[in-house]
Amino acid sequence: MNRHVYHDIQATCRIRRQHRAWELWVAVLLIALLGICSPVLAEDRAIHRYAAHGNIEEVNRLITAHPIMVNKQDASGATPLISATSNSEAGMVAFLLSKGADPNIANNGGAAPLHYASSALRANTRMADLLRQHGAIIYVRNRDGGTVLHSAAGAAVPAMIRYWLDQGMGVHVTDNYGRQPIHYIARAMWKVPEAVEALLAAGADINARANKGKTPLQLATERRNSRAIEALKARGAK
14 MNRHVYHDIQ ATCRIRRQHR AWELWVAVLL IALLGICSPV LAEDRAIHRY AAHGNIEEVN
74 RLITAHPIMV NKQDASGATP LISATSNSEA GMVAFLLSKG ADPNIANNGG AAPLHYASSA
134 LRANTRMADL LRQHGAIIYV RNRDGGTVLH SAAGAAVPAM IRYWLDQGMG VHVTDNYGRQ
194 PIHYIARAMW KVPEAVEALL AAGADINARA NKGKTPLQLA TERRNSRAIE ALKARGAK
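Take the sequence shown: its letters are residues 14 to 251, numbered as in my numbering.
See the structure below:
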């Protein structure tokens, strides 16, 4: 065999062995990383579950081990603070804030903790106070341009409607589609009559029209929301 050909074959074999060694090393490294990351990924999911159920002991354990988890976002963009607020866990909200949770991180839909406090049926004003004391921005808007007052109206939470009106939020504020808080009554299912009364007392127009000319009653009719339809009609909606 030609000496040059022989050396070429040897060189090729050596390169292939080196490639195989490199591939083996990468595979071992990936396995090691997966072994390290798997518990962390599981803990990422766990902290949101614990926050939603008010389990301060477990959340404290996770944050102590991994401080960055206090603001860890899940696939929907929710932080532990959002998980706690959306489940009316005021004690957990206070704890997370004391650990440095950011009250202004919103989820993928642009909803911040204050949006969830505004639509909560329990401990709502307490959570709103806590969030504001730690720097929460009042005039935050979600992806649709909805304010915290829109959220309160959409959930028909009279206490939070009055809370934000008392803070000076305008009853005629509109979202990206020209909908005022009174329009959000169309999706409400809780204390609808009381919510409507709270908005009307602040000067809301029960027949206000959004960008496409829809009134609150028309939107409620489209949604077949009998509670909203009845409450709006009883107060002169057309």
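Backbone N, C-alpha and C fix where the C-beta goes; we use that ideal spot for every residue, glycine too.
Cβ neighbour criterion (16 or more within 10 Å) applied to residue i
i, result
"residue 197", "buried"
"residue 150", "exposed"
"residue 81", "exposed"
"residue 241", "buried"
"residue 137", "buried"
"residue 237", "exposed"
"residue 125", "buried"
"residue 188", "buried"
"residue 120", "buried"
"residue 92", "buried"
"residue 34", "At residue 34, the pLDDT of 49 sits below 50, so the modelled position is not reliable; the number obtained from the coordinates is stated separately. Result: exposed."
"residue 217", "buried"
"residue 64", "buried"
"residue 167", "buried"
"residue 204", "buried"
"residue 152", "exposed"
"residue 180", "exposed"
"residue 249", "exposed"
Start and end residues, alpha helix (DSSP H) containing residue i
i, result
"residue 177", "171 to 179"
"residue 195", "Unbroken run through residue 195: none, as it is neither H nor E."
"residue 134", "Unbroken run through residue 134: none, as it is neither H nor E."
"residue 246", "239 to 246"
"residue 210", "205 to 214"
"residue 89", "No alpha helix (DSSP H) holds residue 89; DSSP gives it neither H nor E."
"residue 159", "Neither: residue 159 is in no alpha helix (DSSP H) and is coded neither H nor E."
"residue 104", "103 to 111"
"residue 74", "69 to 78"
"residue 233", "229 to 235"
Beta-carbon spacing of residue i, residue j below 9 Å
i, j, result
"residue 161", "residue 173", "yes"
"residue 219", "residue 206", "no"
"residue 135", "residue 101", "yes"
"residue 147", "residue 114", "yes"
"residue 183", "residue 157", "no"
"residue 192", "residue 224", "yes"
"residue 61", "residue 111", "no"
"residue 235", "residue 199", "yes"
"residue 106", "residue 75", "no"
"residue 141", "residue 176", "yes"
"residue 59", "residue 70", "no"
"residue 221", "residue 195", "yes"
"residue 84", "residue 108", "no"
Distance cut-off 8 Å: residue i Cβ against heavy atoms of the ligand ZN
i, result
"residue 218", "For the structure depicted, the ligand ZN is absent and the ligand set is empty, with no information on it obtainable."
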